[in-house]
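Per mature numbering (1 follows the signal peptide of the UniProt record, and there is no 0), the sequence shown runs over residues -21 to -1, 1 to 110. The structure appears right after this line, and notes come after that.
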Amino acid sequence: MVARSHFVLFLVSVFILSVAGLGQHDKDLATVHVINAMPRDSGPMQIRCSSKYTDHGMRELHVGDDYQCGVREQALYYCEAISGRQIASWHAFQPRRDKNHKAVFWLVKEDGFYLSWDNSSWVRKSGWYTE
Ligand SMILES: *[C@@H]1O[C@H](CO)[C@@H](O)[C@H](O)[C@H]1NC(C)=O
């Protein structure tokens, strides 16, 4: 009897976990990619993306890495980046600009931040500030 109720409990938790996992994915309206394309010798950058409702937390992004975070609600998402003495903040997801796209790509280079929706044609949108 005890073993059986444990088994039921186990099934219930597996069910809850898989529903939570699926829900997480279904809820994403789009994915923001931030690709670190800084020169090879730059150290890792710190990056943090958030909206009014969701905070994806501070992450370390090495040269060549592609950081991905989900857009969970039709809201403005902005990202902040710190690389050495340089700092930047930009609109990573803008509902009006990006609403028809499932992915928003950002390429982070020495001279600034480039936007693409197809990971192939890039438009420079903003730059770095030096502290
Ligand atoms: C974006 O393009 C780069 C370079 O072609 C490729 O290595 C990468 O896998 C692409 N990323 C995605 C998510 O399509």
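Cβ coordinates follow ideal geometry from the N, Cα and C atoms, glycine included.
Return no unless some Cβ of chain C is closer than 8 Å to the Cβ of residue i.
i: G63; result: Structure shown: chain C not included; a single protein chain is present.
For residue i, name the three-state secondary structure that DSSP assigns.
i: V(-14); result: helix
i: R51; result: coil
i: R19; result: coil
i: K88; result: strand
i: K81; result: coil
i: R103; result: strand
i: R38; result: strand
i: R76; result: helix
Pull up the distance between the alpha-carbon of residue i and that of residue j, whole angstroms please.
i: E52; j: D90; result: 30 Å
i: G2; j: H80; result: Only weak support exists for where G2 lies, its pLDDT of 49 falling under 50; the value from the coordinates is given anyway. Roughly 20 Å between the two C-alpha positions.
i: W69; j: G63; result: 18 Å
i: S29; j: R(-18); result: 44 Å
i: H7; j: K78; result: Checking the sequence, you will find Asp at residue 7 rather than His. If you take the alpha carbons of D7 and K78, they lie about 12 Å apart.
i: L86; j: V(-14); result: 48 Å
i: A16; j: A60; result: 13 Å
i: S105; j: F92; result: 5 Å
i: M37; j: H(-16); result: 38 Å
i: Y46; j: Y56; result: 14 Å
i: Q73; j: D20; result: 32 Å
i: S95; j: R76; result: 12 Å
i: V50; j: K88; result: 23 Å
i: H35; j: C58; result: 10 Å
i: D44; j: S99; result: 16 Å
Quick check: residue i and residue j, are their CB atoms within less than 8 Å of each other?
i: residue 111; j: I26; result: With the chain represented from -21 up to 110, any question about residue 111 goes unanswered, as that position is not in the structure.
i: A71; j: W107; result: no
i: V102; j: C48; result: no
i: A82; j: A9; result: yes
Pull up the CB-CB distance for residue i and residue j, whole angstroms please, since I reckon it's below 8 Å.
i: P23; j: L40; result: 6 Å
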